[in-house]
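First up is the structure itself, then whatever we jot down about it.
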Amino acid sequence: MTVMATSTRRGLRRAVSEEDKQLRRAQILAAAKSVFSSKGFHATTIADVARRCGLSYGVVYWYFASKDELFAELMAAEEASLRERVRAALADVGDVQPGDVAPVLEAAVRAVFEHFEEDPAATRLLFREAATLGGMHGRRLSEIFSRFVSELEAVVRLGQERGEIRAGPPSAIAYFVAISIGHMALRRQRTDDGLSTGEAAHLVVQLVLEGITGDQGGSSATGGDPSDRTYSSHRPNARHSKGR
Numbered sequence: 003m004t005v006m007a008t009s010t011r012r013g014l015r016r017a018v019s020e021e022d023k024q025l026r027r028a029q030i031l032a033a034a035k036s037v038f039s040s041k042g043f044h045a046t047t048i049a050d051v052a053r054r055c056g057l058s059y060g061v062v063y064w065y066f067a068s069k070d071e072l073f074a075e076l077m078a079a080e081e082a083s084l085r086e087r088v089r090a091a092l093a094d095v096g097d098v099q100p101g102d103v104a105p106v107l108e109a110a111v112r113a114v115f116e117h118f119e120e121d122p123a124a125t126r127l128l129f130r131e132a133a134t135l136g137g138m139h140g141r142r143l144s145e146i147f148s149r150f151v152s153e154l155e156a157v158v159r160l161g162q163e164r165g166e167i168r169a170g171p172p173s174a175i176a177y178f179v180a181i182s183i184g185h186m187a188l189r190r191q192r193t194d195d196g197l198s199t200g201e202a203a204h205l206v207v208q209l210v211l212e213g214i215t216g217d218q219g220g221s222s223a224t225g226g227d228p229s230d231r232t233y234s235s236h237r238p239n240a241r242h243s244k245g246r
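The number in the numbering used here is simply the position in the sequence shown, starting from 1, with 2 added.
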């Protein structure tokens, strides 16, 4: 019986084309994403994933040696998908002119919100699991967040060079922005604030650049230092705003 099972496995491997293998991997990853997001990493088993995608327990192990490997590849795929979404949004902004840092930041925030609103499972994986996982996966999720902060840091540096963002450690400011985006994305999964995606992104950028007072006069309490200038109200692009 064992010999027959082994023979069947080997036969299946030889019969499947490279394209079929990629489709099967994608099928398993999609099932894993659904199960991990609903049950959490620790409660999920390979058997759960196999049942969700209608495959045998052994077939999943042909493609992924362990639950850890499966989760790691899923996280890598989620990061790649999010980064591509943000890149595409920034490409739509076009050339950045002096005074245009806010629209760039808003485009990035809107892209993040749209990504997670279209894919709630990704939100739960990257935000809920990040708070509960330790060890290798906790470090991996921390690395994903760090790379996101690094990309925001480039926007912060540009704003500081143009006097549109106050002076301060760019990495610390970028971290604050990233935290704000993440928590708002998670909140929007749980609470309806009556804001479209574009309006929510616009609000986050206003809060980050202007604070809760909404000072749009371009002056600061310290006497109008250019590094403390705030950005004037920028209407969200209606083409990207999505009704709730």
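Ideal Cβ placement from N, Cα and C applies to all residues, glycine included.
Practice item. Please check if any C-beta of chain D sits within less than 9 Å of the C-beta of Glu21. Key: The chain inventory of the structure shown lacks chain D, comprising one protein chain alone.
**Study point:** Buried versus exposed, by CB contacts within 10 Å (16 or more), Gln191
**Key:** exposed
Review point. Within 10 angstroms of its Cβ, does Ser39 collect 16 or more other Cβ (buried), or is it exposed?
Key: buried
**Study point:** Distance CB(Gln72)-CB(Gln29) smaller than 9 Å
**Key:** It should be noted that the sequence gives Leu, not Gln, for residue 72. In this structure, Gln29 does not lie closer than 9 Å to Leu72 by Cβ.
Check your understanding: Of the residues Arg112, Ser36 and Leu143, which one's Cα is nearest the Cα of Ala74?
Key -> Leu143
Check your understanding: Can you tell me whether Lys41 is buried or exposed, with buried defined as 16 or more other CB within 10 angstroms of its CB?
Key -> exposed
Exercise for review: Report yes or no: do three or more beta-carbon pairs, one from the stretch 137-153 and one from the stretch 196-209, lie closer than 8 Å?
Suggested key: no
Check your understanding: Just curious, the alpha helix (DSSP H) that Ile262 is in, first and last residue?
Key -> With the chain represented from 3 up to 246, any question about residue 262 goes unanswered, as that position is not in the structure.
Exercise for review: Indicate the three-state DSSP secondary structure (helix, strand or coil) for Pro238 in the structure shown.
Suggested key: Only weak support exists for where Pro238 lies, its pLDDT of 41 falling under 50; the value from the coordinates is given anyway. Three-state result, Pro238: coil.
Review point. For the 8 Å Cβ check, are there 3 or more pairs between the stretch 177-188 and the stretch 109-124?
Key: yes
Exercise for review: Note down the Cα distance separating Ala203 from Leu197, rounded to an integer number of angstroms.
Suggested key: 9 Å
Check your understanding: Using the C-alpha atoms, what's the distance from Ala45 back to Ala52?
Key -> 14 Å
Check your understanding: Once you ignore the five residues that flank Ala123 on each side, which residues in its own chain have a CB closer than 7 Å to its CB?
Key -> Lys35, Ser36 and Ser39
Check your understanding: So which of Thr215, Phe118, Arg149 and Val106 has the shortest CA-CA distance to Leu188?
Key -> Phe118
Check your understanding: By the 10 Å Cβ neighbour count, where 16 or more other Cβ atoms means buried, how is Ile183 classified, buried or exposed?
Key -> buried
**Study point:** Gly137 classed as buried or exposed, judged by whether at least 16 other C-beta atoms fall within 10 angstroms
**Key:** exposed
Point to revise | In chain order, each alpha helix (DSSP H) run of at least 4 residues that lies wholly inside the stretch 33-102 | key: 48-55, 59-65 and 69-95
Review point. Can you tell me the Cα-Cα spacing of Gly60 and Glu120, whole angstroms?
Key: 32 Å
**Study point:** Ser144 in three-state terms, based on DSSP
**Key:** helix
Review point. I think Leu107 touches Val157, with their Cβ atoms under 8 Å apart; what is that distance to the nearest whole Å?
Key: 6 Å
Exercise for review: Give me the Cα-Cα distance between Pro105 and Ala49, rounded to the nearest whole angstrom.
Suggested key: 46 Å
Check your understanding: From Met186 to Asp194, what does the alpha carbon distance come to, in whole angstroms?
Key -> 11 Å
Exercise for review: Give me the Cβ distance between Leu76 and Leu31, rounded to the nearest whole Å; I'm assuming they're in contact under 8 Å.
Suggested key: 6 Å
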